[in-house]
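*Asks:* In terms of the numbering used here, the sequence shown opens at residue 61 and continues consecutively.
C-beta atoms are modelled at their ideal positions from N, C-alpha and C, and glycine is treated no differently.
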Amino acid sequence: MSRQRYANEAEFRVPSAEYRPVPFWSWNGRLTPDRLVSQIRRMHEAGFGGFFMHARSGLKTAYLEDEWFACVRACVEEAERLGMKAWIYDEKGWPSGFAGGAVPSLGREYRAKALVMLEEKREDDDCRRLLEAYEPSEGPPRYLYEWVQPMGDLRFDSASYVDLLDERVTEAFIASTHERYEREIGAQFGAVVPGVFSDEACALLWLDPAVPALPWTTGLERIFADRYGYSLLPRLHELFLPEGEYPRIRYDYWSLIVELFAERFSKKVYDWCDSRGLLYTGHLMAEDRLAYQMEWVGDIMRQYEYMHIPGLDHLGRHSHVGRTPDNAVPYTRVLSAKQVSSVASQLGRERALSELFACAGQGFEPARQKEMTDWHFIHGINLFSPHLLPYSLEGEGKRDYPPTIGPQQPWWDDYRQLTDYQTRMSYMLTRGRRAAPILVLHPMESAFERYSPLDRSQTDAMNEALETLSLSLLDAQLGFDYGNEHLLAKFGAADAEGLRIKEAVYSAAILPACTRLRSSTVRLLEQFAAFGFPVFYAGDAADGSGLAAVPAEVRHLTLLPYSAELLRERISPVLVLEGKDARFIWLHEREEGDCRQFFLASMSDTKSIRVKMKLGDAMRLSVWDAETGSVRPLACRYVNGGTELDWTFGPRDSLLIRAEPADAAASEPKGDAAAVREEAFAVALRKSPAPLHPNALVLDRFARRNDAGVWSEVRPLADWVLERAASSAGSRYRAAVRVDGEPMRLRVVAERALEASIRWNGMALAASGESWIDPDWLCYDVPVELVRSGANEVEAELSDRTVGPMENLYVTGDFAVLLENGQDPVIRQAADGIGDPAGDLSAQGYPFYAGGMELEFELDAFEQLRAEARLPGRWLLRLPRPSVGSARLCADGKLCGARAWAPWEWEITEQWGKGTKFALVVTSTLRNLIGPHHLEDDESVHFLTPSHFFDRSRRTDRYVLKPLTIGQLELVYRREGTNDGQR
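#1: Find the nearest neighbour of residue 1006 within the set 708, 1020, 171 and 991, judged by alpha-carbon distance.
#2: Measuring only the C-alpha atoms, how far is residue 1001 from residue 550?
#3: Rounded to the nearest angstrom, what separates residue 105 and residue 475 at their Cα positions?
#4: What are the start and end residues of the alpha helix (DSSP H) that includes residue 436?
#5: Quick one: residues in its chain with C-beta nearer than 6 Å to the C-beta of residue 179, no 5 flanking neighbours on either side, listed in chain order?
#6: Apart from the five residues on each side of it in sequence, which residues of its chain come closer than 7 Å, Cβ to Cβ, to residue 587?
#7: Let me know if residue 931 comes out buried or exposed under the rule of 16 or more other beta-carbons within 10 Å of its beta-carbon.
#8: Give the DSSP bridge partners of residue 374, in chain order.
#9: Going by other Cβ atoms of all chains shown within 10 Å of its Cβ, with 16 needed for buried, is residue 721 buried or exposed?
#10: Please classify residue 1013: is it buried, with 16 or more other beta-carbons within 10 angstroms of its beta-carbon, or exposed?
#11: Does the region 193 to 209 come within contact of the region 169 to 177, defined as at least 3 CB pairs closer than 8 Å?
#12: Quick check on the DSSP output: the beta strand (DSSP E) that includes residue 872 runs from which residue to which?
#13: Three Cβ pairs or more, each shorter than 8 Å: is that satisfied between the region 509 to 523 and the region 366 to 380?
#14: Using CA coordinates, which residue listed in 856, 430, 1021 and 962 is at the minimum distance from residue 883?
#15: Under 8 Å by Cβ, that's how I've got residue 478 and residue 447 pegged, so tell me the actual separation to the nearest angstrom.
#16: In whole angstroms, what is the alpha-carbon distance linking residue 473 and residue 467?
#17: Taking 8 Å as the limit between beta carbons, can you name the residues of its chain near residue 74, skipping five residues before and five after?
#18: Distance check for residue 847 and residue 769, CA to CA, integer angstroms please.
#19: Could you check which residue in 321, 826, 623 and 868 has the C-alpha nearest to that of residue 357?
#20: Exposed or buried, what is residue 719 when buried is set at 16 or more other beta-carbons lying within 10 Å of its beta-carbon?
#21: Could you please give the first and the last residue of the uninterrupted beta strand (DSSP E) stretch that includes residue 1032?
#22: Give the list of continuous beta strand (DSSP E) stretches no shorter than 3 residues that lie fully inside the region 462 to 496.
#23: Within this structure, are the beta carbons of residue 566 and residue 559 separated by less than 9 Å?
#24: Should residue 944 be labelled buried (16 or more other beta-carbon atoms within 10 Å of its own) or exposed?
#25: Taking buried to mean at least 16 other C-beta atoms within 10 Å of its own C-beta, is residue 290 buried or exposed?
#26: Under the rule that 16 or more other beta-carbon atoms within 10 Å means buried, what is residue 1031, buried or exposed?
#27: Quick one: what does DSSP say residue 135 is sitting in, helix, strand or coil?
#28: Using the C-alpha atoms, what's the distance from residue 598 back to residue 604?
#29: Please report the Cβ distance between residue 650 and residue 489, rounded to the nearest whole angstrom; I am assuming they are in contact, meaning their Cβ atoms lie under 8 Å.
#30: Could you tell me if residue 385 is buried or exposed, where buried requires 16 or more neighbouring beta carbons within 10 angstroms of its beta carbon?
#31: How many Å lie between residue 866 and residue 115 at the Cα?
#32: Run through DSSP, which three-state label would residue 791 get?
#33: Pick from 204, 896, 158 and 582: whose alpha carbon is nearest that of residue 231?
#34: Check whether the Cβ atoms of residue 796 and residue 764 sit closer than 9 Å, and answer yes or no.
#35: Please determine, among 611, 198, 617 and 677, the residue with the shortest C-alpha to C-alpha distance to residue 635.
#36: Taking Cβ positions only, does residue 828 come closer than 9 Å to chain C?
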């Protein structure tokens, strides 16, 4: 059994670095030890506990060569000095396994393979071998080929992906990568270098949806025949077509594929790491849905057995894609998180990891990051790897599946608000053991026999049924895990305590929609039921999906029809929530001996939700505030030997409660807490916000000069990039800059990698030696005498050495920018800018601004509520609905505190009356500076990728911008006599 650790207030206030988030650190430029060390220090200041050293697109330093390892050693040394951890990332890019091209270069047998079905016959060659020719009774003939990926794929450094079903490939991968690290920094293994991250390894990498394909490996036909006693070759078509004994053939095939991947890749890497004191972590490809797993891996949960810290990849800006406000439509992301945390709980793995935030966009500010973090905490994920902290923002670095999580973001100096919160929550959610009394049998092996690349309908039906069941349990605050049949067979047992999978014990089981069960699973369910535990069935799929109502193997069991109400009656949960909208509140419950821990989070973006919490026993309750590290008692009621508490959750609010046993008879009964009473007074704003950083104008429309010296018409830069005209070295681009009013001091900013000569109105500009936003964004001063009132021209001539396309240019300075018709920018005097301090600043001269805005004000509203008329209470300064990255308040130059999510409020005292100079500093994000600038309705894009920056299908000429709004400041008087957050 794994050792359980209990909560301690001192440790909660300042947890150790092991609980801090660990970012994906993208090494995507020309690396120098000094710059890397400087970035580590900024990470440390921001509250990160370590970093994954991740070779990525844009890297200009030779991978796994001497200069690379000199940089690695410098980072390890600095991490050790700061008490941080330097994690290895095992690949150059992703998916893991090809060692930057070294492994596939060893020969044909090392390269990725697939079984593909074609409708036309082709000649065998080095990349294709005919395995079966099949003529169905209807339709065209089908030809089944072994396909071997050719070399030359740019995604794999002009090499290819690899065949991870072949143990020789895994051995070569370990020799090329892991053993190199061992030679260079092996003395630090298990200490400052705690482990290895593996990214998106897969059994099949197939990117052509027009050609159906399945995993294949060298000698598979022989291995299959030895295992099952019959030949697969004449029946390959049954893996694709519903003919013959296709369920049995598919089940045998997929059982073997999953085993080969587990034993020949996952276990081999795990064993290598384990023997050297390293933690093996990361995630596999495509965890979200059953069909996705079938396309890439076969069975994700089977592989987690061989991870010290199993993990997932949570892509996109939403945790609940497709779910309507009434909470009715299934999420699409629950499976990926619950699969990970289930295996972690069962096998005694204390930590479960998520790589998260990728594809959410540059405007994905800390408030939404906190919401997504809470969603993960609910599911038992407690180690975070935010994507992506870039070494450089030049080139693709600024579009690399954003957001940027790094010093380039305007909110970076306030990011510790989030990292400290994540750290304290991760600490608490590793105390004791997660309470999940319900086991949901996972239907992965039913998908084995029903999945075909030509028809995913039955697999999708099982997926939707599983998600609907999972949501029903979450909405009812009923804790559950998924049960993988392989892990059940290997670690399962049933006794008087319940159904056990190694370290997890369950008192109820649920069968979702499925088509088959292993005999070992059925025996365990029989034994479990014989001890009097309930088995529910939730898989009535009489909906035309073709799924059987009840699998034949379990029809002899007494199965209860699933409902959350009946299940709750049978398991008697410790905590019950009551209230009209209680289903929006999800629960993560933990046991710590006699104590309980409850983390509750609202999944509603819009509703305030009042609930009554009821515990069956008398308990002393306290709030453990992960934002501040404070612990405070909660007023509650003792009723009929139990405990009751009323609470109101605001949109996406969360709450962490710890409950300790109390003697209800000896405890002083506590009545209902008084309702919160507030009086709010608008703060008069007599000044406009002032920018703390240079304003910016984005130049993204250019004319281009051809080889004959003729300038083209002005076009969006995206067009030049898509037509690849922008990738030629030595090109010249010209953009217009319109200035209204008196000339002013300006700068042009261009990326270092362009190696460009910059001209303003035909005159060459000299680099100032300074950078802006990023060390690789170089500044060029424009003398005032070169700036004209009216039309100006900026020209960039790329060097003959330039690699990659042209990028946007920027003009910076102390000015305002007006967008005429939403699309034609004009530089004006800064005084022509902000007119409404509470309005959208991006529409008042700062459409592309990336930085802080300072609003100075005084308070004169204290007198409006006479002291003798007040009940005891507190004064607060509040922003009701800002649209900012972060906010911090100072009084007479002293910091009162920073906020990064609701409630946007600060406690103040009447000592700060008339004469006190207040300053509120709010920050923007990189969204409006970097874009995408012309993607219509970009917030509706669930997964924002680099291609969206060049998407012509949704292009608009106008600039699509995110508001930057402070809103109306309020001075609030809040009565005492209630718990914060309680209504």
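*Replies:* Answer, in terms of the structure:
#1: 991
#2: 42 Å
#3: Roughly 9 Å between the two C-alpha positions.
#4: 426 to 438
#5: Here the set comprises 200.
#6: 554
#7: exposed
#8: 416
#9: Classification of residue 721: exposed, given that the 10 Å Cβ count is below 16.
#10: The residue is exposed, with fewer than 16 neighbouring Cβ atoms inside 10 Å.
#11: yes
#12: 869 to 873
#13: In short, these stretches do not touch, since the Cβ pair count stays below three.
#14: 1021
#15: Contact flag wrong, Cβ pair sits at about 14 Å.
#16: 8 Å
#17: 689
#18: 25 Å
#19: The residue with the shortest Cα to Cα distance from residue 357 is 321.
#20: buried
#21: In this chain, the beta strand (DSSP E) harbouring residue 1032 covers 1030 to 1035.
#22: none
#23: Taking the C-beta atoms as reference points, residue 559 is found nearer than 9 Å to residue 566.
#24: buried
#25: exposed
#26: Flag for residue 1031 reads buried.
#27: In the structure shown, residue 135 sits in a helix (DSSP, three-state: H, G or I).
#28: Any reading at residue 604 must be qualified, since the residue scores a pLDDT of 43, below 50, and its modelled position is unreliable; the value itself is stated next. Each residue's alpha carbon lies about 16 Å from the other.
#29: At roughly 7 Å, the Cβ-Cβ gap stays under 8 Å, so residue 650 and residue 489 are in contact.
#30: Confidence at residue 385 is low in this model, with a pLDDT of 47, below 50, so its placement is unreliable and the value that follows should be read with caution. By the neighbour-count rule (16 or more Cβ atoms within 10 Å), residue 385 is not buried but exposed.
#31: 23 Å
#32: Correct three-state label for residue 791: coil.
#33: 158
#34: No; because the gap between Cβ atoms is not below 9 Å, this pair is not in contact.
#35: 677
#36: Considering every chain present, this structure includes no chain C. It has just one protein chain.
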